[in-house]
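2 protein chains.
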Amino acid sequence: MIQHPAFTVEPWAVRECRLHLDVLAQTESVFALSNGHIGLRGNLDEGEPHGLPGTYLNSFYEVRPLPYAEGGYGYPEAGQTVVNVTNGKLIRLLADDEPFDVRYGTLHAHERVLDMRAGTLVRRVDWTSPAGGRLRVTSTRLVSFTHRAVAAVRYEVEAVGQPLNVVLQSELVANETVPHLADDPRAAAVLEAPLVLEENEAADNGVGVMVHRTRLSGLRMAAAMRHEIDGPEGTRIEPDGGGDVNRVTVATRLEPGRSLRLIKFFAYGWSAKRSRPALHDQVVAALAAARLTGWDGLCADQRRFLDEFWAGADVEVEGDAEVQQAVRFGLFHLLQAGARLERRPIPGKGLTGSGYDGHAFWDTETFVLPVLTYTHPRSAADALDWRRSIQPLAEDRAAQLGLKGAAFPWRTINGEECSGYWPAGTAAFHVNADIADAVVRYVDATEDEAFERETALPLLVSTARLWCALGHHDAEGKYRIDGVTGPDEYSAVADNNVYTNLMAQRNLRAAVDVATRHLDQAEQLGVSLEEVAVWRDAAAAMFVPYDERLGVHPQSEGFTRHALWDFAATKPEQYPLLLHFPYFDLYRKQVVKQADLVLALHLCGEAFTPEQKARDFAYYEALTVRDSSLSACTQAVLAAEVGQLELAHAYLGEAALMDLRDLEHNTRDGVHMASLAGAWTGLVAGFGGMRAGQGLMCFAPRLPSALTRLAFRLRYRGRLLRVDVTPGAATYELLDGPPLTLAHHGEEIRLGRQPVTRPVPSPPFPRLEVRQPPGREPVPRRPRAT
Amino acid sequence: MIQHPAFTVEPWAVRECRLHLDVLAQTESVFALSNGHIGLRGNLDEGEPHGLPGTYLNSFYEVRPLPYAEGGYGYPEAGQTVVNVTNGKLIRLLADDEPFDVRYGTLHAHERVLDMRAGTLVRRVDWTSPAGGRLRVTSTRLVSFTHRAVAAVRYEVEAVGQPLNVVLQSELVANETVPHLADDPRAAAVLEAPLVLEENEAADNGVGVMVHRTRLSGLRMAAAMRHEIDGPEGTRIEPDGGGDVNRVTVATRLEPGRSLRLIKFFAYGWSAKRSRPALHDQVVAALAAARLTGWDGLCADQRRFLDEFWAGADVEVEGDAEVQQAVRFGLFHLLQAGARLERRPIPGKGLTGSGYDGHAFWDTETFVLPVLTYTHPRSAADALDWRRSIQPLAEDRAAQLGLKGAAFPWRTINGEECSGYWPAGTAAFHVNADIADAVVRYVDATEDEAFERETALPLLVSTARLWCALGHHDAEGKYRIDGVTGPDEYSAVADNNVYTNLMAQRNLRAAVDVATRHLDQAEQLGVSLEEVAVWRDAAAAMFVPYDERLGVHPQSEGFTRHALWDFAATKPEQYPLLLHFPYFDLYRKQVVKQADLVLALHLCGEAFTPEQKARDFAYYEALTVRDSSLSACTQAVLAAEVGQLELAHAYLGEAALMDLRDLEHNTRDGVHMASLAGAWTGLVAGFGGMRAGQGLMCFAPRLPSALTRLAFRLRYRGRLLRVDVTPGAATYELLDGPPLTLAHHGEEIRLGRQPVTRPVPSPPFPRLEVRQPPGREPVPRRPRAT
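Residue numbers (my numbering), protein chains in the order written: chain Y, -9 to 776; chain L, -9 to 776.
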């Protein structure tokens, strides 16, 4: 875990004032830069030491075998793993024949700052080499939001106190040695040196280029670099290249106080189809465009892009400076993950690490896209257009499984199922309803007609067909979906999971709605009115089990009759439970890894009465251990809705600080996009009470005692809204766009040019007593006021 | 499939009149010889051609890695695979410089006969070599029932029509090349040449010895041979050895009509502990003993052993010659699998092939031991003593899983769990109740006091403890066992599987009974009266779900609410279903691979009324596809009990002929012990209606129309019984032992010296209409009268 205070608490930056080598991998994730196409981990410029060297291109992967002790029909035989591609951020430094390495010599100062308005990572070092030469290095790194293929570093080294002979080696390096990759020797063999060299052109003409391809997945990538160098007279520049290294060496002598400055532009491209020469030219052209813009131009564009983003997305929190920082940190990483997707997925860890093999999950649709839909809708559309693009593969998968429509993969990079454990993979069909839900949300938020016809309609039709293949009417006419896995990974393969059934119902209804409104296009997909009627009937008859004895909804049919987990006998070091207990034991007992029924209370709130929500929330609080990063934010939202405001604040803190405090001990592999989204969700959907759908945005704001103010901005149907909540009142303001009707605690308000203020009512019903499993209360924190 | 008539239909032999190379592997399994310690597949003497070369020693295995695409807590990391050990049955023949190979030259005649009274495999060949030399070979092979470590071959070659130069090479060969072993390259590496040479001593002193060890499992084995050779003057004998081959070469010239005869004795030993010299001496000593007995002595001992077996085990069938042959074939292989176990397991395929990796399953306790208990009880005791010997490992496994008592492995050789797919492995906890059931049955059948104290008590206590860890009382006091897998492998991880719950109930009651009767010994195992009371309460409150609407028992809770499998849309070539549909789909629908609820109707018959049995049987008939060899015999038993006698006869035929007709297309890997047992079960428990327990043996005989007589012998509590059933009457005869009370269709009969005859009543209730899934009716057959 990153011990507080690893980072200072500031509203617009994440600053590390001293280098902590023991958490180097974690900080590399936190300081990762990305634009959704290129991802650079926050590795030190000089490459070593490192936690995990990482440079990623969205959807550039290698195939790996998936082995099984006992195979089965329909098991995927091969998976995909994100590849650490050619490292372009590497700049080595030699001072008086001593390599600059923070593990040697004396490190007087070392600061790294992620600036969330500038979109840069700045590093400042003051170091004396073992030989006694002192130098200062300042580097500024960016991955451009405006030039999709381009990243750049401005690197400056200054001699301090005495002259220094300085050599910089700016490199492109492929097939870096990466720590531990896979237990399977076949997989390790494929992944150890994943890139096969096709071309290495040294920068004699100023541009160095390397082209590689993967062995099995058949993908080709190119990386190129060029430099602007500003140094004393006599500075010598020498390009060379060989094997997997392309290098420009800059040698000079620096008098005290003088510096050598190098600006490195580097560009990436990859393709499954384009030829080596085409890719070569593509990256060289990208460099030409970047150089035309220039370093200052890139920085200015970066800031402009972010200014516009923050204008529509910023969240202001008064009374909890950590959450203030964290919510912006989360929004910044979400933007980084989604800004320049262009029909590619948002992986669970974005492009910040190789965790989860670089796969995308339902996390994206259920946790990340709700934020981007209202803050940077283009990214949401891109991610869903990617789903649309892999629909043919999902249809093949459904056919392989004996189903109809499309069965989207549980985890994937290229669209093919990569899950090697079907009870917690293929059987978790809710991912299909989650995609449908994201589609409906996006259309509601944007009224994007073209998207509705070209993306939403086919996705909704194919997923509705899947549900009709998965469900059946029983003797009493109830529509059952048996033997599937819901969100909670401590249960699997159960009948009538409430979350799944309600989400499938919504999926079916949305398909009815959109197919009815676009009947011509729907007919081209083979949809008949008869089929639409089947969807309508299935939705209407959807079975939602209820335990009359306990007065709560079972997570799945029969769940509340299972034995309770023996929390009293579970030791603190036995969490996360999945590392200490067999799935067998977890699945058969009442113990919940992550919000499941409670997620249904949030996303399908209209299916529950307020009293049911309060009772259900209390029941599942006692069972939920939160061994997943996909839980605290949902618990925060529901806690707020049922009036447990202090508990909601505690969960919000946990969700918001997941990566900044490394609460799950795996930030080293990349930051958690879903949890980063959770800070926004906990604030906006939790304390803001925001729910939207069918053209109406509803709010039910209420603040916990520590917060004195919460203000947030949203984009909805061409409007830019600002909501400003204080303990006693909420003010709604239309910053841009035509008048809009919204709701405040159930009261409809027509919002025009004038801001509208309404009082915040007290919670309408008494709070139930709520307790968590012993030791599984929200992570304690002492929030600090701004 | 072996096309009829591959074998002649004879009462006491299995005879192949012509060699069919396309089914060579299947016949190697059918003709395998074993004594439970050594197993020799029916490979041709000269080694080639072969389907699968195989020589096995019970429990001699190598360790192999078990890989997982996604691992989990408690998954076994390593499995075990039976090793093809040193081949001692190999005798190559060279005639006038042409190797004897049935694929070349002209095969005038080739006959193989498995003689079930002699306990030998006899082969007669008449062959002309490509060069024109004609010869006759007669070989007789046996694996001794009386000398546990010894096998022998009498091999005779005769020149026909013209003189022949003949060379015999009698060999021990280790690390034979075996066809396809494993997909996993790591496993293949371990298993390709599993034996590491430690010693190869040529037979200069008349005895050739080889000692090898395995790489990972740390087991050592020795094989030795010596010969008696009878040939014309001038016959030269030359021993040599090197690498993995130990050879004796016999060269001679045979005049027409003259023959060369070689008797080869070979012996095996293995140990995890004993040294190379100790094992060396052990096998040499075994050879000395065998040679003292001599070939004729071995053959005479073999026949005596079998005479005694058949005197207590034979089943006579009139009206169905195929079943007559098959039931003896089955009993013979069961005896071969169990005769000289001495605390080793009976694998699913005995020692007849490497199928299922040589693992033992619940098949043994539930299908094989019921036969051996009443026909060769010493073997049942041995197999259960093996369970007792691995109890410490089972207790470790239970602890690893967070349970109490013992959790016996789903599949194993050495006692450690080898199942790589927990939903159909570890979760199938019924194996523990099956072991308990076999223990109770054995004690009931033998009144073996020492066994009860030393084996039954600890096994029953440890399994009862497991059930108490697995079950819990619900709010209404019902005792539930959630999330376990029953016998049917097309369902998994369900709540309150009726079979499991009833068998667990019986397990708990047996533990109460035996612990109460041996309280002192039980106390040494930590059993208190309080604990006994817990078992009693759990058994009394055991929940058995019942579907009131349909009037049938669901296989597991909720099963009858699941969608019915779409049999109409399932094509004939899509069976077995598990090769064409995902587990996901099979598990969530009403489709049954093998008797599950119906097995409960058989083994726990007292828990159901006759009407329930009839309704349940009819319900599950329509759902059961019999993609398992563990089903037809149970369906035969229940069909007979509910009065569906012709259907019972059809299922009996299928069970009985599983291997002789290769109905499941995998006899090549070894014969199915459970299905071989099924012929006896279908006849004795089916048409004989035999059920036993608590000192009372009950019969309810009724014959189908084709059978004119069924007679069988049983051993029970020191008695030897004979039951002789004709269509109208049943006669009970006590062949040995004191008087005994038994039951005939519910009427108690005191049986003394005089045979007692009783009429056979008509079935008491009208038969329900029964149908199977389309195309899944019992395999059609036209039974031939004797």
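Even for Gly, the Cβ is constructed at its ideal location relative to N, Cα and C.
Just so we're clear, the structure is a prediction, and the values are computed from it rather than from any experiment.
What residues of chain L sit near T416(Y), judged by a beta carbon separation below 9 Å?
-> Locating residue 416(Y) in the first sequence gives position 426, counting from the first residue. Those within 9 Å of T416(Y) in chain L are P572 and F574.
Using 9 Å as the limit for Cβ to Cβ distance, is P57(L) near chain Y?
-> For the purposes of this step, residue 57(L) is taken as the residue at position 67 of the second sequence. With 9 Å as the cut-off, P57(L) counts as an interface residue toward chain Y.
Same chain, Cβ closer than 6 Å to L185(L), neighbours up to 5 away in sequence not counted = Within the second sequence, numbered from 1, the residue matching residue 185(L) stands at position 195. In its chain, beyond the 5 residues on either side, A164, N165 and H202 have a beta carbon closer than 6 Å to the beta carbon of L185(L).
Environment of P222(L) [buried if 16+ CB atoms lie within 10 Å] = Within the second sequence, residue 222(L) is the residue found at index 232, counting from 1. Exposed.
First and last residue of the beta strand (DSSP E) that includes R237(L)?
-> One-based indexing of the second sequence puts residue 237(L) at position 247. Segment V235 to L244, the beta strand (DSSP E) holding R237(L).
Label K579(Y) either buried or exposed according to how many other C-beta atoms from any shown protein chain fall within 10 Å of its C-beta, with 16 as the threshold for buried.
-> Counting from 1 along the first sequence, the entry for residue 579(Y) is found at position 589. Flag for K579(Y) reads buried.
Look at the alpha carbon of G395(L) and the alpha carbon of D386(L), and state the distance between them as a whole number of angstroms.
-> Within the second sequence, the letter at position 405 stands for residue 395(L). Within the second sequence, the letter at position 396 stands for residue 386(L). G395(L) and D386(L): Cα-Cα distance of roughly 9 Å.
Helix, strand or coil for H592(L) per DSSP?
-> Your numbering for residue 592(L) matches position 602 in the second sequence. Looking at H592(L) - three-state DSSP - the assignment turns out to be helix.
With 16 other CB atoms within 10 Å as the buried threshold, where does A301(Y) fall?
-> Position 311 of the first sequence, counting from 1, holds the residue named residue 301(Y). A301(Y) should be labelled exposed.
Under three-state DSSP, which class holds R689(L)?
-> In the second sequence, residue 689(L) corresponds to position 699, counting from 1. It should be noted that the sequence gives Phe, not Arg, for residue 689(L). Strand.
Can you find a CB in chain Y that lies within less than 9 Å of the CB of H552(L)?
-> In the second sequence, counting from the first residue as 1, residue 552(L) sits at position 562. Judged by the 9 Å Cβ criterion, H552(L) is in contact with chain Y.
Span separating the alpha-carbon of Y706(Y) from that of Y364(Y) = Position 716 of the first sequence holds residue 706(Y). Position 374 of the first sequence holds residue 364(Y). Those two C-alpha atoms are separated by around 6 Å.
Using the rule of at least 16 other Cβ atoms within 10 Å of the residue's Cβ for burial, across every protein chain shown, is A77(L) buried or exposed?
-> Translated into the one-based positions of the second sequence, residue 77(L) becomes position 87. Per the sequence shown, the amino acid found at residue 77(L) is Asn instead of Ala. Buried, because 16 or more other Cβ atoms sit within 10 Å of the Cβ of N77(L).
Supposed close pair G340(L), G109(L) - CB separation, criterion 8 Å | Stepping through the second sequence from its first residue, residue 340(L) is reached at position 350. Stepping through the second sequence from its first residue, residue 109(L) is reached at position 119. Their Cβ separation, rounded to whole angstroms, is 15 Å, which puts G340(L) and G109(L) out of contact at 8 Å.
Bridge partners of H462(Y), per DSSP?
-> Here residue 462(Y) refers to the residue found at position 472 of the first sequence. Note: H462(Y) sits in a beta bridge opposite R470(Y).
Length of the line joining the Cα atoms of H735(L) and A428(L) = Counting from one through the second sequence, the residue named residue 735(L) turns up at place 745. Counting from one through the second sequence, the residue named residue 428(L) turns up at place 438. Their backbone Cα atoms lie some 24 Å apart in a straight line.
If we count the other Cβ atoms within 10 Å of its Cβ and call it buried at 16 or more, is S752(L) buried or exposed?
-> The residue you call residue 752(L) lines up with position 762 of the second sequence. With fewer than 16 other CB atoms across the displayed protein chains lying within 10 angstroms of its CB, S752(L) is exposed.
Please list the segments of the beta strand (DSSP E) lying wholly inside the region 618 to 649 of chain Y, counting only runs of 3 or more residues, in order along the chain.
-> The region 618 to 649 of chain Y contains no whole beta strand (DSSP E) run of 3 or more residues.
Test item: CB-CB of R470(Y) and R551(L) under 9 Å = The count along the first sequence starts at 1 and reaches residue 470(Y) at position 480. The count along the second sequence starts at 1 and reaches residue 551(L) at position 561. Between R470(Y) and R551(L), the C-beta gap is smaller than 9 Å, which places the two residues in contact.
So which residues on chain L does G548(Y) lean against when the C-beta distance must stay under 9 Å?
-> As a first step, residue 548(Y) must be located in the first sequence, where it is residue number 558. The answer, in chain order, is D472, D485, E547 and G548.
Curious, which full-length alpha helix (DSSP H) runs of at least 4 residues does the region 406 to 458 of chain L contain?
-> For the region 406 to 458 of chain L, whole alpha helix (DSSP H) runs of length 4 or above, ordered along the chain, are 420 to 436.
In the region 403 to 415 of chain L, which residues sit with their C-beta less than 9 Å from some C-beta in chain Y, listed in chain order?
-> Within the region 403 to 415 of chain L, the qualifying residues are C408, S409, G410, Y411, W412, P413, A414 and G415.
Can you list the alpha helix (DSSP H) stretches of 4 or more residues lying completely in the region 298 to 340 of chain L, in chain order?
-> Within the region 298 to 340 of chain L, the complete alpha helix (DSSP H) runs of at least 4 residues are 311 to 328.
R578(Y) CB to nearest chain L CB: under 9 Å?
-> For the purposes of this step, residue 578(Y) is identified with residue 588 of the first sequence, where counting begins at 1. Yes, R578(Y) counts as interfacial toward chain L.
Step through the CB atoms of chain Y and report whether any lies within less than 9 Å of the CB of E60(L).
-> Taking the second sequence and counting its residues from 1, the one referred to as residue 60(L) is at position 70. The beta carbon of E60(L) falls within 9 Å of a beta carbon belonging to chain Y, placing the residue at that interface.
DSSP state of F533(L) mapped onto helix, strand, coil = For the purposes of this step, residue 533(L) is identified with residue 543 of the second sequence, where counting begins at 1. It is coil, neither helix nor strand.
If you measure from the beta carbon of H543(Y) to each beta carbon in chain L, is any gap under 9 Å?
-> Along the first sequence, read from residue 1 onward, the residue named residue 543(Y) stands at position 553. Taking CB atoms only, H543(Y) has no neighbour in chain L less than 9 Å away.
Taking C-beta to C-beta, are E444(L) and R205(L) nearer than 9 Å?
-> Taking the first residue of the second sequence as 1, we reach residue 444(L) at position 454. Taking the first residue of the second sequence as 1, we reach residue 205(L) at position 215. Going by C-beta atoms, E444(L) is not nearer than 9 Å to R205(L).
Go through its chain and collect everything with a Cβ distance to R526(Y)'s Cβ below 6 Å, but skip five positions before and after it.
-> Residue 526(Y) sits at position 536 when you count from the first residue of the first sequence. Here R526(Y) has V502 as same chain residues with Cβ atoms under 6 Å from its own Cβ, once five neighbours each way along the sequence are excluded.
Proximal residues, the region 437 to 471 of chain Y versus chain L, C-beta separation under 8 Å = Identification of residues in the region 437 to 471 of chain Y having a C-beta nearer than 8 Å to some C-beta of chain L yields H462, D464, A465 and R470, given in sequence order.
Mind checking if A268(Y) is an interface residue toward chain L, Cβ cutoff 9 Å exclusive?
-> Walking along the first sequence from the start, residue 268(Y) turns up at place 278. It does not: the Cβ of A268(Y) has no partner Cβ on chain L nearer than 9 Å.
Contacts of G395(L) in chain Y (Cβ-Cβ under 9 Å) | Start at 1 with the first residue of the second sequence, and residue 395(L) comes out as number 405. Going along chain Y, no residue has its Cβ under 9 Å from G395(L), so there is no contact; the nearest lies around 15 Å.
Is the Cβ-Cβ distance between V317(Y) and W670(Y) less than 9 Å?
-> Residue numbering aside, residue 317(Y) sits at position 327 when the first sequence is read from its first letter. Residue numbering aside, residue 670(Y) sits at position 680 when the first sequence is read from its first letter. Cβ atoms of V317(Y) and W670(Y): closer than 9 Å.
Have a look at L758(L), G224(L), T599(L) and L589(L) and flag the residue whose alpha-carbon is nearest the alpha-carbon of G676(L).
-> Here residue 676(L) is taken as the residue at index 686 of the second sequence, counted from 1. Of the listed residues, the one whose Cα sits closest to G676(L) is L589(L).
Beta-carbon contacts of V115(L) that lie in its chain and below 6 Å, excluding the five residues immediately before and after = Position 125 of the second sequence holds residue 115(L). Non-local C-beta neighbours of V115(L) in its own chain, meaning closer than 6 Å and more than five positions away in sequence, comprise H100 and V127, ordered along the chain.
Within the same chain, show all residues whose beta-carbon is closer than 7 Å to that of F21(L), passing over the 5 residues directly before and after it, in chain order.
-> Taking the first residue of the second sequence as position 1, residue 21(L) is located at position 31. Within its own chain, the residues whose Cβ lies closer than 7 Å to the Cβ of F21(L), once the five positions on either side in sequence are excluded, are G32, R102, L104 and L111, listed in chain order.
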